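There are 2 protein chains.
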Amino acid sequence: MDDESRQSSQSRLLSRRSVAAKIKSKPIVRPDRLSDLVIDALRNDMESGRIGPGSRLPSEKDLTESFNVSRTVIREAISRLQSDGLVVSRQGSGVYVTSPSEGTRAFRLGLNDPHEKTTARDIYELRICVESDAAGLAALRRGKTDLAMLEKALKTLSAAGGDLEKGVNADVQFHRLIARLTKNSAIIRFHEFLASMLTDTVRLARANSAMHEGLTEYVATEHVAIFEAIVAGDAEKARHAMRMHLNKAQERLGLL
Amino acid sequence: MDDESRQSSQSRLLSRRSVAAKIKSKPIVRPDRLSDLVIDALRNDMESGRIGPGSRLPSEKDLTESFNVSRTVIREAISRLQSDGLVVSRQGSGVYVTSPSEGTRAFRLGLNDPHEKTTARDIYELRICVESDAAGLAALRRGKTDLAMLEKALKTLSAAGGDLEKGVNADVQFHRLIARLTKNSAIIRFHEFLASMLTDTVRLARANSAMHEGLTEYVATEHVAIFEAIVAGDAEKARHAMRMHLNKAQERLGLL
DNA sequence: ATATATCAGTTATCATACAACTTATGAAGG
DNA sequence: CCTTCATAAGTTGTATGATAACTGATATAT
Chain F
1 MDDESRQSSQ SRLLSRRSVA AKIKSKPIVR PDRLSDLVID ALRNDMESGR
51 IGPGSRLPSE KDLTESFNVS RTVIREAISR LQSDGLVVSR QGSGVYVTSP
101 SEGTRAFRLG LNDPHEKTTA RDIYELRICV ESDAAGLAAL RRGKTDLAML
151 EKALKTLSAA GGDLEKGVNA DVQFHRLIAR LTKNSAIIRF HEFLASMLTD
201 TVRLARANSA MHEGLTEYVA TEHVAIFEAI VAGDAEKARH AMRMHLNKAQ
251 ERLGLL
Chain L
1001 MDDESRQSSQ SRLLSRRSVA AKIKSKPIVR PDRLSDLVID ALRNDMESGR
1051 IGPGSRLPSE KDLTESFNVS RTVIREAISR LQSDGLVVSR QGSGVYVTSP
1101 SEGTRAFRLG LNDPHEKTTA RDIYELRICV ESDAAGLAAL RRGKTDLAML
1151 EKALKTLSAA GGDLEKGVNA DVQFHRLIAR LTKNSAIIRF HEFLASMLTD
1201 TVRLARANSA MHEGLTEYVA TEHVAIFEAI VAGDAEKARH AMRMHLNKAQ
1251 ERLGLL
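Chains as they are written, first to last, in our numbering: chain F, 1 to 256; chain L, 1001 to 1256.
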């Protein structure tokens, strides 16, 4: 009996193949994982308000029946929803939809996802927003030791000279430092996030566009302008200098 | 051999209780889920570079043995790592560590997480960065229909009068529209994200601080200033107007 | 009335089996 | 020697059943 029930239920289910085929009718993008389907469905229910914050999700057993998948799949889906902070599960009680902003939530930026039309340029633009303002805040909040570190980074940068790798690192470090000067952990971390999103793009662009001679000096000038504005504590000027710097960089990288 | 190993492994396992006790020695925060332990361990290995991008994780079987947990737990852990974009799993092959910026990655902001000292103020500040620049971009890119919509939102806002709920909604809508005018999906979505992070805070603050009379008119004036700058296509002015507006709002909300 | 015990329902974990896929190895044929 | 194809071993994906741990409510005893 064990055997037959397994067999029959097995065949009653949508076979993985058919589901996969269905998905792959549109671009390959989605791996053929059943939990993805469940996630999308549940997300939809929640975002459309059909399940509303605070209310309980159907039990795993119910979900297996309504989706015709195994409990394994349901659990994986719920687990991922939970790690996104959309639900919390309480053992013995159930899974509950969290109210927005309760707990930790995640911001996703898909650079490859064909669903998304977000381009590297978009992200770079967002970076300009954040970083130019960060420079402004830095000008208001910089301490003495902060300035010393920034100055040191500037020197490292100019000392790098022809060494590309070294130059890039010093550059990154300079910007990272400015983010830290804001003393705002949200800004610091988001800056880090954007930078890491862009590393590949930047590296690629940098490799393609031959470095003009004198470029490093030029960049150094821009950096100095930013630095001086921060030293002077002039937020407006710091923002402007940073914006100019990043705009030029954007051009140089061919992101415009 | 199978049999004995089964039995013994069962008893050899850390019982859930003991694990839970261990965790709960520090604040309650962590639910006693084994997959969390696995996730933390793997994250650590990856971030410390012990597993390096591109390389393969140990197979699920190996992991079950080294962690002494069931495959279910391992799979949940991996599934969540995958949904965070830290790894990709290829059926029949293995689970591979993604290189940073490959695929989609997530930015998390924990408002409650005791590990994080991110405050609502930090987030609001980040919002100011993004939104003031968004206003600038909006001024450069607004189309005709865009302006019409924006104007309509303004009218709705002033028409709301005393109705608080209505007023808030119109306000949110106004800002949302401006984000959309940038035509930058990264900015649009990040703005949405920040707004949703702040909803609770804003709602609370609004409830606490009694609304001064004449406040709505005052806010309306600020909105008009932003609107006019966008209409004029003056990016610098739009940025400034938005920044002023949000700074004032921040004060009013007691986030300063 | 208050506490306690019990029970049904739910999530968490374990174990096993099988399906589907990947990769390497090696045999067969050119 | 090289290519091609089959096979086998290893790996992830899914299904299923069983048990542990927890929750909430109901019933019971004091």
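Backbone N, C-alpha and C fix where the C-beta goes; we use that ideal spot for every residue, glycine too. Remember, predicted model here, so these are calculated numbers, not experimental data.
Within 10 angstroms of the beta-carbon of A179/F lie 16 or more other beta-carbons, which makes it buried. Judged by their CB atoms, R1075/L and E1060/L are nearer to each other than the 8 Å cut-off.
In this structure, the straight-line span from the alpha carbon of S158/F to that of E151/F is close to 11 Å. S1093/L carries a coil assignment under DSSP once its states are collapsed to helix, strand and coil.
Taking 8 Å as the CB threshold, I1178/L stays off the interface with chain F.
Between A1232/L and the set A1077/L, R1176/L, G1136/L, the nearest pair of CA atoms involves G1136/L. In the displayed model, L253/F falls within coil according to three-state DSSP, outside both helix and strand. Under the 8 Å criterion on CB atoms, A1106/L is classed as interfacial with respect to chain F.
With its beta carbon at least 8 Å from every one in chain L, N169/F lies outside the interface. Non-local beta-carbon contacts of G1094/L in its own chain, meaning distances under 8 Å to residues more than five positions away in sequence, involve R1056, L1057, S1059 in chain order.
Residue-level contact by beta carbon fails for N1247/L and chain F, as no gap is shorter than 8 Å. L1081/L is the residue among L1081/L, R1108/L, A1106/L, E1192/L whose C-alpha sits nearest the C-alpha of Y1096/L. The beta carbons of L194/F and V130/F sit about 7 Å from each other, so the pair counts as a contact at 8 Å. Identification of residues in the region 117-139 of chain F having a C-beta nearer than 8 Å to some C-beta of chain L yields K117, T118, D122, I123, E125, L126, I128, C129, V130, S132, D133, A134, L137, given in sequence order. Between A186/F and the set F107/F, N169/F, G254/F, S89/F, the nearest pair of CA atoms involves F107/F. Shown here for R43/F: same chain residues with a beta carbon closer than 8 Å to its own, the five before and five after excluded, namely L81, L86 in chain order. Of the candidates V1038/L, D1045/L, I1123/L, the residue whose Cα lies closest to the Cα of T1201/L is I1123/L.
At least one CB atom of chain L sits nearer than 8 Å to the CB of N184/F.
G1167/L counts as buried, since at least 16 other C-beta atoms from the protein chains shown sit within 10 angstroms of its C-beta. In the three-state reduction of the DSSP assignment, L57/F falls in the coil class.
Residues R1239 of the same chain have their beta carbon placed closer than 7 Å to that of D1133/L, with the five preceding and five following residues left out of the count.
For I187/F, the residues of chain L that pass the 8 Å Cβ criterion are D1122, E1125, L1126, C1129, in the order they occur in the chain.
Within chain F, the residues whose beta carbon sits less than 7 Å from that of R1080/L are S79, R80, S83, listed in sequence order. For A106/F, the pairing in a beta bridge is given by DSSP as R1108/L.
Beta-carbon to beta-carbon, V1219/L and L1154/L are separated by about 11 Å, too far to satisfy the 8 Å threshold. Using a Cβ-Cβ cut-off of 8 Å, E76/F is close to R1075, E1076, S1079 of chain L, given in chain order. Judged by their CB atoms, T182/F and A148/F are not nearer to each other than the 8 Å cut-off. Judged by their CB atoms, T118/F and L109/F are nearer to each other than the 8 Å cut-off. The residue among I1230/L, V1172/L, E1047/L with its C-alpha nearest the C-alpha of K1144/L is I1230/L.
Following the DSSP letters along the chain, one finds I128/F inside the alpha helix (DSSP H) bounded by residues 120-141. D1062/L and V1069/L have their C-alpha atoms some 11 Å from each other. The beta carbon of D1084/L sits closer than 6 Å to those of A1106, all from its chain and outside the five residues before and after it, given in chain order.
Residue contact check for F193/F against chain L: a CB pair falls below 8 Å.
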